[in-house]
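Just so you know, we're using UniProt numbering here: the sequence shown kicks off at 1 and counts up by one.
The beta-carbon is built from N, C-alpha and C at its ideal position, and this holds for glycine as well.
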Amino acid sequence: MTDILRPHVMWIEGRCYRVNDPAVETTSFQEHDLYENEVAHNDVLDEGDDDDFEVVMMDNSRYTTSVHVSKHYLGSIIGKKGAIKIRIERDTKTDIKIPKHGQEGDIVIFGPTAANVKAARRRINIIVMSSRMKQKSTHFISLPMNNPNIQKRFEEFQTSVLRDCPSRNLDQSLFIKPHKLHLTLGVMCLMDNEERLFASKLLTEAKEKVVMPILRGHLPLKIRLKGLSYMNDDPSQIDVLYGLVQEEGNSKGLIQEFADALVEHFYKAGYMNKEYDRDSVKLHVTLINSKYRSRSESANADNSASSARNTRRPRETFDGTEVLKKFADYDFGVTELTEIHLSQRHSVGSDGYYQPTCVVPCN
(Lines of atoms letter the chains of each structure in order from A and count residues from 1; the text may use other names and numbers.)
(Lines give C-alpha, C1' and ligand atoms only; values in the text may rest on other atoms or scores of the structure.)
Protein backbone atom coordinates (compact mmCIF):
# COMPACT_ATOMS: atom_id res chain seq x y z
CA MET A 1 0.00 0.00 0.00
CA THR A 2 1.31 3.44 -0.89
CA ASP A 3 2.55 5.53 2.06
CA ILE A 4 0.53 8.74 1.73
CA LEU A 5 3.05 10.62 3.89
CA ARG A 6 5.94 9.65 1.60
CA PRO A 7 4.45 9.55 -1.91
CA HIS A 8 6.47 8.37 -4.89
CA VAL A 9 7.76 11.39 -6.79
CA MET A 10 9.19 12.03 -10.24
CA TRP A 11 11.61 14.84 -11.20
CA ILE A 12 11.38 16.22 -14.72
CA GLU A 13 13.36 19.26 -15.89
CA GLY A 14 13.78 20.56 -12.35
CA ARG A 15 10.14 20.08 -11.36
CA CYS A 16 8.91 17.54 -8.83
CA TYR A 17 5.67 15.64 -9.58
CA ARG A 18 3.80 13.24 -7.33
CA VAL A 19 3.10 9.77 -8.73
CA ASN A 20 -0.32 8.75 -7.50
CA ASP A 21 -0.03 4.98 -7.90
CA PRO A 22 3.38 3.60 -8.92
CA ALA A 23 2.02 0.05 -8.71
CA VAL A 24 -0.28 0.62 -11.68
CA GLU A 25 1.28 -0.68 -14.89
CA THR A 26 0.41 1.47 -17.88
CA THR A 27 1.04 1.11 -21.58
CA SER A 28 0.44 3.18 -24.65
CA PHE A 29 -2.43 0.88 -25.60
CA GLN A 30 -4.60 1.70 -22.61
CA GLU A 31 -7.50 4.08 -23.03
CA HIS A 32 -6.93 6.09 -19.88
CA ASP A 33 -4.60 9.06 -19.78
CA LEU A 34 -1.09 8.19 -18.60
CA TYR A 35 -0.07 11.63 -17.43
CA GLU A 36 -3.34 12.27 -15.58
CA ASN A 37 -3.35 8.84 -13.98
CA GLU A 38 0.24 8.96 -12.75
CA VAL A 39 0.75 12.61 -11.85
CA ALA A 40 -1.20 14.93 -9.59
CA HIS A 41 -3.32 17.15 -11.83
CA ASN A 42 -2.35 20.47 -10.27
CA ASP A 43 -1.25 23.80 -11.72
CA VAL A 44 -1.97 22.75 -15.28
CA LEU A 45 -1.32 26.25 -16.56
CA ASP A 46 1.29 27.31 -14.02
CA GLU A 47 3.95 29.13 -16.04
CA GLY A 48 6.72 28.91 -13.47
CA ASP A 49 10.16 30.36 -14.03
CA ASP A 50 12.27 27.22 -14.05
CA ASP A 51 11.53 25.92 -17.55
CA ASP A 52 14.72 25.83 -19.60
CA PHE A 53 13.06 25.58 -23.03
CA GLU A 54 12.05 28.38 -25.35
CA VAL A 55 8.46 29.35 -26.16
CA VAL A 56 8.15 31.59 -29.22
CA MET A 57 5.34 34.07 -29.92
CA MET A 58 3.97 33.82 -33.46
CA ASP A 59 2.53 36.61 -35.62
CA ASN A 60 -1.09 35.85 -34.81
CA SER A 61 -0.58 35.95 -31.04
CA ARG A 62 -0.15 32.21 -30.88
CA TYR A 63 2.76 30.60 -29.05
CA THR A 64 4.79 27.56 -29.98
CA THR A 65 7.62 25.33 -28.84
CA SER A 66 9.16 22.10 -30.09
CA VAL A 67 10.40 19.08 -28.18
CA HIS A 68 12.47 16.16 -29.37
CA VAL A 69 10.97 12.79 -28.47
CA SER A 70 12.44 9.46 -29.53
CA LYS A 71 10.15 7.58 -31.92
CA HIS A 72 10.02 4.78 -29.34
CA TYR A 73 7.85 6.96 -27.08
CA LEU A 74 5.49 8.51 -29.64
CA GLY A 75 2.93 5.75 -29.22
CA SER A 76 2.70 6.48 -25.50
CA ILE A 77 2.00 10.15 -26.23
CA ILE A 78 -0.62 9.42 -28.90
CA GLY A 79 -2.41 6.62 -27.06
CA LYS A 80 -5.04 4.26 -28.45
CA LYS A 81 -6.96 6.01 -31.23
CA GLY A 82 -5.18 9.24 -30.23
CA ALA A 83 -6.89 9.36 -26.82
CA ILE A 84 -3.92 10.63 -24.79
CA LYS A 85 -2.93 13.31 -27.30
CA ILE A 86 -6.53 14.51 -27.52
CA ARG A 87 -6.77 14.70 -23.72
CA ILE A 88 -3.59 16.77 -23.42
CA GLU A 89 -4.78 19.14 -26.16
CA ARG A 90 -8.17 19.54 -24.50
CA ASP A 91 -6.82 20.12 -21.00
CA THR A 92 -4.14 22.61 -22.08
CA LYS A 93 -6.06 24.19 -25.00
CA THR A 94 -3.20 23.44 -27.38
CA ASP A 95 -2.66 21.87 -30.77
CA ILE A 96 0.06 19.18 -30.85
CA LYS A 97 1.70 18.11 -34.10
CA ILE A 98 3.43 14.71 -33.94
CA PRO A 99 5.57 13.33 -36.80
CA LYS A 100 3.82 10.54 -38.67
CA HIS A 101 5.21 7.03 -38.78
CA GLY A 102 8.43 7.01 -40.79
CA GLN A 103 8.87 10.78 -40.63
CA GLU A 104 11.68 12.56 -38.79
CA GLY A 105 11.27 15.71 -36.74
CA ASP A 106 10.23 17.09 -33.37
CA ILE A 107 6.84 17.36 -31.73
CA VAL A 108 5.54 20.92 -32.19
CA ILE A 109 3.05 22.48 -29.76
CA PHE A 110 0.85 25.50 -30.51
CA GLY A 111 -1.24 27.36 -27.95
CA PRO A 112 -2.97 30.68 -27.13
CA THR A 113 -0.52 31.54 -24.33
CA ALA A 114 2.99 30.56 -23.27
CA ALA A 115 1.50 28.97 -20.14
CA ASN A 116 -0.70 26.63 -22.20
CA VAL A 117 2.25 25.58 -24.36
CA LYS A 118 4.46 24.95 -21.33
CA ALA A 119 1.74 22.91 -19.65
CA ALA A 120 1.37 20.66 -22.69
CA ARG A 121 5.11 20.18 -22.94
CA ARG A 122 5.32 19.21 -19.26
CA ARG A 123 2.63 16.57 -19.82
CA ILE A 124 4.59 15.15 -22.73
CA ASN A 125 7.77 15.14 -20.66
CA ILE A 126 6.00 13.23 -17.91
CA ILE A 127 4.85 10.54 -20.33
CA VAL A 128 8.33 10.21 -21.83
CA MET A 129 9.90 9.99 -18.38
CA SER A 130 7.43 7.34 -17.25
CA SER A 131 7.99 5.32 -20.42
CA ARG A 132 11.78 5.67 -20.18
CA MET A 133 11.87 4.20 -16.69
CA LYS A 134 10.15 1.05 -17.93
CA GLN A 135 12.79 0.41 -20.59
CA LYS A 136 15.94 -1.65 -20.11
CA SER A 137 18.97 0.51 -19.52
CA THR A 138 21.28 1.14 -22.47
CA HIS A 139 23.95 3.29 -20.77
CA PHE A 140 25.49 3.81 -17.37
CA ILE A 141 27.79 6.26 -15.60
CA SER A 142 31.00 4.51 -14.67
CA LEU A 143 34.37 5.06 -13.05
CA PRO A 144 37.00 2.80 -14.68
CA MET A 145 38.74 0.59 -12.10
CA ASN A 146 41.00 -1.18 -14.57
CA ASN A 147 44.49 0.18 -14.20
CA PRO A 148 47.24 -2.42 -14.92
CA ASN A 149 47.94 -3.12 -11.26
CA ILE A 150 44.29 -3.84 -10.41
CA GLN A 151 43.89 -5.95 -13.54
CA LYS A 152 46.92 -8.04 -12.56
CA ARG A 153 45.67 -8.53 -9.00
CA PHE A 154 42.21 -9.44 -10.30
CA GLU A 155 43.66 -12.06 -12.67
CA GLU A 156 45.61 -13.54 -9.73
CA PHE A 157 42.38 -13.56 -7.71
CA GLN A 158 40.54 -15.37 -10.50
CA THR A 159 43.28 -18.00 -10.84
CA SER A 160 43.36 -18.60 -7.08
CA VAL A 161 39.58 -18.85 -6.78
CA LEU A 162 39.24 -21.36 -9.60
CA ARG A 163 42.14 -23.42 -8.20
CA ASP A 164 41.39 -23.28 -4.47
CA CYS A 165 37.60 -22.90 -4.28
CA PRO A 166 35.88 -25.64 -6.30
CA SER A 167 32.29 -24.59 -5.77
CA ARG A 168 28.87 -25.33 -7.23
CA ASN A 169 28.22 -23.54 -10.54
CA LEU A 170 31.35 -21.37 -10.26
CA ASP A 171 33.38 -21.34 -13.48
CA GLN A 172 35.63 -18.98 -15.40
CA SER A 173 32.87 -17.54 -17.57
CA LEU A 174 31.30 -15.82 -14.54
CA PHE A 175 34.27 -13.50 -14.00
CA ILE A 176 34.14 -10.03 -15.53
CA LYS A 177 36.81 -9.26 -18.13
CA PRO A 178 39.72 -7.47 -16.40
CA HIS A 179 39.61 -4.55 -18.86
CA LYS A 180 35.97 -3.93 -17.91
CA LEU A 181 36.40 -3.53 -14.15
CA HIS A 182 34.39 -0.47 -13.14
CA LEU A 183 32.35 1.26 -10.47
CA THR A 184 28.74 1.87 -11.61
CA LEU A 185 27.09 5.05 -10.34
CA GLY A 186 23.76 4.87 -12.19
CA VAL A 187 21.99 3.52 -15.27
CA MET A 188 19.69 5.08 -17.86
CA CYS A 189 17.92 4.40 -21.14
CA LEU A 190 19.01 6.52 -24.14
CA MET A 191 17.03 5.62 -27.26
CA ASP A 192 18.54 7.83 -29.95
CA ASN A 193 21.39 10.20 -30.74
CA GLU A 194 19.55 13.28 -29.41
CA GLU A 195 19.11 11.64 -26.03
CA ARG A 196 22.74 10.54 -25.99
CA LEU A 197 23.85 14.12 -26.75
CA PHE A 198 21.64 15.47 -23.97
CA ALA A 199 22.95 12.94 -21.45
CA SER A 200 26.51 13.89 -22.45
CA LYS A 201 25.63 17.53 -21.84
CA LEU A 202 24.22 16.63 -18.42
CA LEU A 203 27.45 14.82 -17.49
CA THR A 204 29.57 17.79 -18.58
CA GLU A 205 27.36 20.15 -16.58
CA ALA A 206 27.49 17.83 -13.57
CA LYS A 207 31.28 18.01 -13.50
CA GLU A 208 31.21 21.79 -12.96
CA LYS A 209 28.08 21.99 -10.82
CA VAL A 210 28.33 19.01 -8.47
CA VAL A 211 31.50 16.94 -8.94
CA MET A 212 34.34 19.45 -8.83
CA PRO A 213 32.91 21.48 -5.92
CA ILE A 214 33.03 18.26 -3.89
CA LEU A 215 36.38 16.92 -5.12
CA ARG A 216 38.31 20.19 -5.44
CA GLY A 217 41.25 20.11 -3.06
CA HIS A 218 41.18 16.30 -2.87
CA LEU A 219 42.55 15.45 -6.31
CA PRO A 220 44.02 13.17 -7.35
CA LEU A 221 41.46 11.08 -5.47
CA LYS A 222 42.85 7.60 -4.78
CA ILE A 223 40.44 4.68 -4.61
CA ARG A 224 41.31 1.29 -3.14
CA LEU A 225 39.46 -1.88 -4.18
CA LYS A 226 39.62 -4.20 -1.21
CA GLY A 227 37.34 -6.85 0.28
CA LEU A 228 34.36 -8.82 -1.00
CA SER A 229 30.62 -8.77 -0.51
CA TYR A 230 27.52 -10.08 -2.28
CA MET A 231 24.01 -8.97 -3.21
CA ASN A 232 21.84 -11.36 -1.22
CA ASP A 233 21.68 -12.95 2.25
CA ASP A 234 22.85 -16.47 1.42
CA PRO A 235 26.53 -16.93 0.48
CA SER A 236 25.71 -20.32 -1.02
CA GLN A 237 23.22 -18.75 -3.48
CA ILE A 238 25.04 -15.78 -5.01
CA ASP A 239 24.27 -14.00 -8.27
CA VAL A 240 26.73 -11.10 -7.91
CA LEU A 241 29.99 -11.04 -5.96
CA TYR A 242 31.55 -7.59 -5.83
CA GLY A 243 34.57 -5.72 -4.53
CA LEU A 244 34.35 -2.94 -1.95
CA VAL A 245 35.70 0.55 -2.61
CA GLN A 246 37.27 2.96 -0.17
CA GLU A 247 39.18 6.24 -0.37
CA GLU A 248 42.82 6.44 0.54
CA GLY A 249 44.04 9.16 2.90
CA ASN A 250 41.85 11.80 4.51
CA SER A 251 39.10 11.94 1.90
CA LYS A 252 36.60 9.62 3.60
CA GLY A 253 33.09 9.68 2.15
CA LEU A 254 33.92 11.75 -0.93
CA ILE A 255 33.12 9.01 -3.47
CA GLN A 256 29.71 8.46 -1.89
CA GLU A 257 29.02 12.20 -1.74
CA PHE A 258 29.86 12.95 -5.35
CA ALA A 259 28.19 9.73 -6.61
CA ASP A 260 24.94 10.69 -4.87
CA ALA A 261 25.16 14.26 -6.18
CA LEU A 262 25.80 13.06 -9.73
CA VAL A 263 22.82 10.69 -9.70
CA GLU A 264 20.63 13.45 -8.23
CA HIS A 265 21.64 15.72 -11.13
CA PHE A 266 20.47 13.14 -13.71
CA TYR A 267 17.41 12.23 -11.63
CA LYS A 268 16.15 15.81 -11.56
CA ALA A 269 16.66 16.06 -15.32
CA GLY A 270 14.39 13.04 -15.79
CA TYR A 271 17.07 10.78 -17.22
CA MET A 272 17.81 8.46 -14.32
CA ASN A 273 15.85 6.75 -11.59
CA LYS A 274 17.14 5.98 -8.13
CA GLU A 275 17.92 2.28 -7.81
CA TYR A 276 15.41 0.62 -5.52
CA ASP A 277 14.44 4.17 -4.36
CA ARG A 278 17.67 4.36 -2.35
CA ASP A 279 18.90 7.84 -1.44
CA SER A 280 22.51 6.69 -1.70
CA VAL A 281 24.31 4.90 -4.52
CA LYS A 282 25.47 1.39 -3.66
CA LEU A 283 29.19 1.59 -4.37
CA HIS A 284 30.44 -1.71 -5.76
CA VAL A 285 32.70 -3.18 -8.43
CA THR A 286 31.26 -6.35 -9.94
CA LEU A 287 33.79 -9.20 -10.00
CA ILE A 288 31.67 -12.31 -10.59
CA ASN A 289 28.15 -12.34 -12.02
CA SER A 290 25.97 -15.34 -12.78
CA LYS A 291 24.47 -13.58 -15.81
CA TYR A 292 27.88 -13.86 -17.53
CA ARG A 293 27.60 -17.64 -17.47
CA SER A 294 28.66 -19.15 -20.78
CA ARG A 295 25.77 -20.51 -22.82
CA SER A 296 28.06 -22.60 -25.01
CA GLU A 297 27.60 -25.85 -23.12
CA SER A 298 23.83 -25.68 -23.05
CA ALA A 299 23.74 -24.54 -26.67
CA ASN A 300 25.88 -27.47 -27.79
CA ALA A 301 23.94 -29.95 -25.71
CA ASP A 302 20.56 -28.57 -26.63
CA ASN A 303 20.42 -27.26 -30.18
CA SER A 304 16.84 -28.34 -30.45
CA ALA A 305 13.18 -27.44 -30.29
CA SER A 306 13.44 -25.61 -26.97
CA SER A 307 16.27 -23.56 -28.39
CA ALA A 308 14.21 -22.80 -31.47
CA ARG A 309 11.41 -21.57 -29.24
CA ASN A 310 13.94 -19.14 -27.78
CA THR A 311 13.15 -20.17 -24.22
CA ARG A 312 14.96 -18.10 -21.66
CA ARG A 313 17.06 -20.04 -19.19
CA PRO A 314 16.86 -18.83 -15.57
CA ARG A 315 20.00 -17.54 -13.91
CA GLU A 316 21.89 -20.14 -11.94
CA THR A 317 23.39 -18.93 -8.66
CA PHE A 318 26.81 -20.09 -7.49
CA ASP A 319 28.16 -21.06 -4.09
CA GLY A 320 30.54 -18.34 -2.89
CA THR A 321 31.01 -19.60 0.65
CA GLU A 322 34.63 -20.72 0.20
CA VAL A 323 35.54 -17.65 -1.84
CA LEU A 324 34.29 -15.33 0.89
CA LYS A 325 36.06 -17.34 3.56
CA LYS A 326 39.46 -17.35 1.85
CA PHE A 327 39.44 -13.95 0.12
CA ALA A 328 37.26 -11.76 2.35
CA ASP A 329 39.97 -9.07 2.66
CA TYR A 330 41.64 -9.50 -0.71
CA ASP A 331 43.38 -6.27 -1.78
CA PHE A 332 43.06 -5.57 -5.53
CA GLY A 333 45.10 -2.37 -5.31
CA VAL A 334 44.69 1.37 -5.75
CA THR A 335 43.71 3.53 -8.72
CA GLU A 336 43.25 7.28 -9.20
CA LEU A 337 39.99 8.88 -10.25
CA THR A 338 40.86 10.51 -13.56
CA GLU A 339 37.67 10.23 -15.65
CA ILE A 340 33.92 9.77 -15.45
CA HIS A 341 32.40 7.83 -18.35
CA LEU A 342 28.96 7.68 -19.89
CA SER A 343 29.34 4.08 -21.02
CA GLN A 344 27.30 1.99 -23.42
CA ARG A 345 26.18 -1.39 -22.15
CA HIS A 346 27.11 -4.59 -24.02
CA SER A 347 29.88 -2.85 -25.94
CA VAL A 348 33.65 -2.86 -26.12
CA GLY A 349 35.89 0.06 -27.05
CA SER A 350 39.32 -0.11 -28.63
CA ASP A 351 40.96 -0.36 -25.19
CA GLY A 352 38.80 -3.28 -24.05
CA TYR A 353 36.67 -1.08 -21.76
CA TYR A 354 33.04 -0.20 -22.48
CA GLN A 355 32.44 2.01 -25.52
CA PRO A 356 32.19 5.60 -24.22
CA THR A 357 29.45 7.99 -25.31
CA CYS A 358 31.08 10.76 -23.29
CA VAL A 359 34.20 11.01 -21.14
CA VAL A 360 34.66 13.81 -18.60
CA PRO A 361 38.16 14.27 -17.13
CA CYS A 362 38.46 14.90 -13.39
CA ASN A 363 41.27 17.42 -13.10
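Helix, strand or coil at residue 156 [DSSP, three-state] = Residue numbering aside, residue 156 sits at position 156 when the sequence shown is read from its first letter. It is helical.
Cα-Cα separation, residue 199 to residue 344 = For the purposes of this step, residue 199 is taken as the residue at position 199 of the sequence shown. For the purposes of this step, residue 344 is taken as the residue at position 344 of the sequence shown. When only Cα atoms are considered, residue 199 and residue 344 end up about 12 Å apart.
Beta strand (DSSP E) containing residue 190: first to last residue?
-> Residue numbering aside, residue 190 sits at position 190 when the sequence shown is read from its first letter. Where residue 190 is concerned, there is no enclosing beta strand (DSSP E), given that its DSSP letter is neither H nor E.
Residue 257 (DSSP reduced to helix, strand or coil) = As a first step, residue 257 must be located in the sequence shown, where it is residue number 257. Residue 257: helix per DSSP, three-state reduction.
Return the CA-CA distance between residue 2 and residue 206, expressed in angstroms with no decimal places.
-> Looking up residue 2 in the sequence shown gives position 2. Looking up residue 206 in the sequence shown gives position 206. Any reading at residue 2 must be qualified, since the residue scores a pLDDT of 48, below 50, and its modelled position is unreliable; the value itself is stated next. Roughly 32 Å between the two C-alpha positions.
In the DSSP assignment, find the unbroken alpha helix (DSSP H) run with residue 78 in it and report its ends.
-> By 1-based counting over the sequence shown, the position of residue 78 is 78. Segment 74-78, the alpha helix (DSSP H) holding residue 78.
Below 8 Å between beta carbons: does that hold for residue 228 and residue 140?
-> By one-based count along the sequence shown, residue 228 stands at place 228. By one-based count along the sequence shown, residue 140 stands at place 140. Contact flag unset, no.
Using only alpha-carbon positions, find the residue among 72, 339, 157 that is nearest to residue 178.
-> For the purposes of this step, residue 178 is identified with residue 178 of the sequence shown, where counting begins at 1. Of the candidates 72, 339, 157, the one whose C-alpha sits nearest the C-alpha of residue 178 is 157.
When we look at the beta-carbon of residue 166 and count the other beta-carbons within 10 Å, is it buried (16 or more) or exposed?
-> One-based indexing of the sequence shown puts residue 166 at position 166. Counting Cβ neighbours within 10 Å, residue 166 comes out exposed, since fewer than 16 surround it.
What does DSSP give as the partner residues of residue 243 in its beta bridges?
-> Here residue 243 is taken as the residue at index 243 of the sequence shown, counted from 1. Note: residue 243 sits in a beta bridge opposite 228, 285.
Given residue 330 as reference, the closest of 127, 153, 84, 360 once Cα atoms are compared = Here residue 330 corresponds to residue number 330 of the sequence shown, with the count starting at 1. Minimum Cα distance to residue 330 is reached at 153.
Assigned secondary structure, residue 355 (DSSP; H/G/I helix, E/B strand, else coil) = The residue you call residue 355 lines up with position 355 of the sequence shown. In this structure, residue 355 counts as coil in the three-state DSSP scheme.
First and last residue of the uninterrupted alpha helix (DSSP H) at residue 85 = The residue you call residue 85 lines up with position 85 of the sequence shown. First-last of the alpha helix (DSSP H) with residue 85: 83-92.
Helix, strand or coil for residue 53 per DSSP?
-> For this step, residue 53 is matched to residue 53 along the sequence shown. In this structure, residue 53 counts as coil in the three-state DSSP scheme.
Rounded to a whole number of angstroms, what is the C-alpha to C-alpha distance between residue 195 and residue 264?
-> Here the question's residue 195 lines up with position 195 in the sequence shown. Here the question's residue 264 lines up with position 264 in the sequence shown. Rounded to whole angstroms, residue 195 to residue 264 spans 18 Å at the Cα level.
State the start and end residues of the unbroken alpha helix (DSSP H) segment that holds residue 387.
-> Any property of residue 387 remains undetermined from this structure, which presents the chain solely from 1 to 363.
Is DSSP giving residue 346 helix, strand or coil here?
-> Within the sequence shown, numbered from 1, the residue matching residue 346 stands at position 346. In the structure shown, residue 346 sits in coil (DSSP, three-state: anything other than H, G, I, E or B).
Closer than 8 Å by C-beta to residue 258: which residues in its own chain qualify, once you throw out the five before and the five after it? Chain order, please.
-> Counting from one through the sequence shown, the residue named residue 258 turns up at place 258. For residue 258, where only same-chain residues beyond five positions count, the Cβ hits under 8 Å are 210, 211, 214, 215.
Specify whether the region 140-150 and the region 168-187 touch according to this definition: at least 3 beta carbon pairs, one from each stretch, less than 8 Å apart.
-> yes
When burial is assigned at 16 or more other CB atoms within 10 Å of the CB, is residue 260 buried or exposed?
-> Here the question's residue 260 lines up with position 260 in the sequence shown. Result: buried.
What did DSSP end up calling residue 290 once you bin it into helix, strand or coil?
-> Walking along the sequence shown from the start, residue 290 turns up at place 290. DSSP, read as helix, strand or coil, puts residue 290 in helix.
Starting from the Cα of residue 392, find the closest Cα among 125, 246, 91 and give me that residue.
-> Residue numbering for the chain in the displayed model covers 1 to 363; residue 392 lies beyond these limits and cannot be assessed.
Measure the alpha-carbon distance for residue 241 versus residue 321 and round it to whole angstroms.
-> The residue labelled residue 241 in the question sits at position 241 within the sequence shown. The residue labelled residue 321 in the question sits at position 321 within the sequence shown. Approximately 11 Å between the Cα atoms of the pair.
Integer-rounded CB distance, given that residue 110 should sit under 8 Å from residue 238 = Within the sequence shown, residue 238 is the residue found at index 238, counting from 1. Within the sequence shown, residue 110 is the residue found at index 110, counting from 1. No, residue 238 and residue 110 are not in contact; Cβ-Cβ is about 56 Å, not under 8 Å.
How is residue 203 classed by DSSP in three states: helix, strand or coil?
-> Reading the sequence shown from its first residue, position 203 is the one you call residue 203. In the structure shown, residue 203 sits in a helix (DSSP, three-state: H, G or I).
Might you give, ordered along the chain, the residues of its own chain that have their beta carbon closer than 7 Å to the beta carbon of residue 128, omitting 5 neighbours on each side?
-> As a working note, residue 128 is residue 128 in the sequence shown. Around residue 128: 69, 73.
What's the gap between the Cα of residue 169 and the Cα of residue 289?
-> The count along the sequence shown starts at 1 and reaches residue 169 at position 169. The count along the sequence shown starts at 1 and reaches residue 289 at position 289. The straight-line gap from Cα to Cα measures roughly 11 Å.
Evaluate residue 53 with the Cβ neighbour count: other Cβ atoms within 10 Å of its Cβ, from every protein chain shown; 16 or more gives buried, anything less gives exposed.
-> Taking the first residue of the sequence shown as 1, we reach residue 53 at position 53. Residue 53 should be labelled exposed.
Top-ranked residue by Cα proximity to residue 144, from 155, 223, 100, 254 = Here residue 144 corresponds to residue number 144 of the sequence shown, with the count starting at 1. Nearest option by C-alpha distance: 223.
Pair within 8 Å by beta-carbon distance, residue 174 and residue 293 | Translated into the one-based positions of the sequence shown, residue 174 becomes position 174. Translated into the one-based positions of the sequence shown, residue 293 becomes position 293. The answer is yes: Cβ separation under 8 Å.
Name the two residues that bound the continuous beta strand (DSSP E) containing residue 142.
-> Within the sequence shown, numbered from 1, the residue matching residue 142 stands at position 142. Counting along the chain, the beta strand (DSSP E) containing residue 142 begins and ends at 139-144.
In its own chain, which residues sit with a C-beta less than 7 Å from the C-beta of residue 286, not counting the 5 before and 5 after it?
-> What you label residue 286 is simply residue 286 of the sequence shown in a count that begins at 1. So the qualifying residues of the chain are 176, 240, 242.
Drop a sphere of 10 angstroms on the beta-carbon of residue 357, count the other beta-carbons inside from all chains shown, and report buried for 16 or more, exposed for fewer.
-> To locate residue 357, count along the sequence shown from 1; it is residue 357. Residue environment: residue 357 is assigned as buried (16 or more neighbouring CB atoms within 10 Å of its CB, all protein chains considered).
If you draw a straight line from the alpha carbon of residue 108 to that of residue 116, how long is it in whole angstroms?
-> To locate residue 108, count along the sequence shown from 1; it is residue 108. To locate residue 116, count along the sequence shown from 1; it is residue 116. About 13 Å.
Measure the alpha-carbon distance for residue 332 versus residue 119 and round it to whole angstroms.
-> Walking along the sequence shown from the start, residue 332 turns up at place 332. Walking along the sequence shown from the start, residue 119 turns up at place 119. So the two alpha carbons sit approximately 52 Å from each other.
Where DSSP assigns a beta bridge to residue 109, which residues make up the other side?
-> Against the sequence shown, residue 109 aligns to sequence position 109. In DSSP, residue 109 forms a bridge with 65, 96.
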